[in-house]
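Accompanying notes for the structure given below.
Residue numbers (the numbering used here): 1 to 80.
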């Protein structure tokens, strides 16, 4: 039981990664510019769209790292 609590506590450290997209979007002066353009999209727009994709990848990664593996282990045999 103590090992499960330690593992769960350690897995919660992955949640800090979810702050990266928030920090990237809240700090507007870092991307409040037109140049460089990408396919005629100003930097202001493609930077934000890029963070939509990055945020999705980070969210999936954090989910995988923090999900409780003991719940899925009991369901492997199926309900009978």
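We treat Cβ as the ideally placed atom computed from N, Cα and C, and that holds for glycine.
Residues near residue i by beta carbon distance below 7 angstroms, same chain, minus five either side
i          : result
residue 65 : 11 and 14
Residues near residue i in its chain [Cβ-Cβ closer than 8 angstroms; skip 5 each side]
i          : result
residue 17 : 58, 61 and 62
residue 51 : 21, 24 and 25
Cα-Cα separation, residue i to residue j
i          : j          : result
residue 81 : residue 20 : Any property of residue 81 remains undetermined from this structure, which presents the chain solely from 1 to 80.
residue 46 : residue 32 : 11 angstroms
residue 55 : residue 48 : 10 angstroms
residue 41 : residue 68 : 41 angstroms
residue 30 : residue 44 : 9 angstroms
residue 27 : residue 34 : 16 angstroms
Identity of the residues DSSP links to residue i by a beta bridge
i          : result
residue 18 : In DSSP, residue 18 forms no bridge with anything.
- [ ] Would you mind listing the alpha helix (DSSP H) stretches within the stretch 25-67 that are 4+ residues and don't spill past its ends, in chain order?
- [x] Secondary structure remark: continuous alpha helix (DSSP H) runs of at least 4 residues inside the stretch 25-67, in chain order: 43-66.
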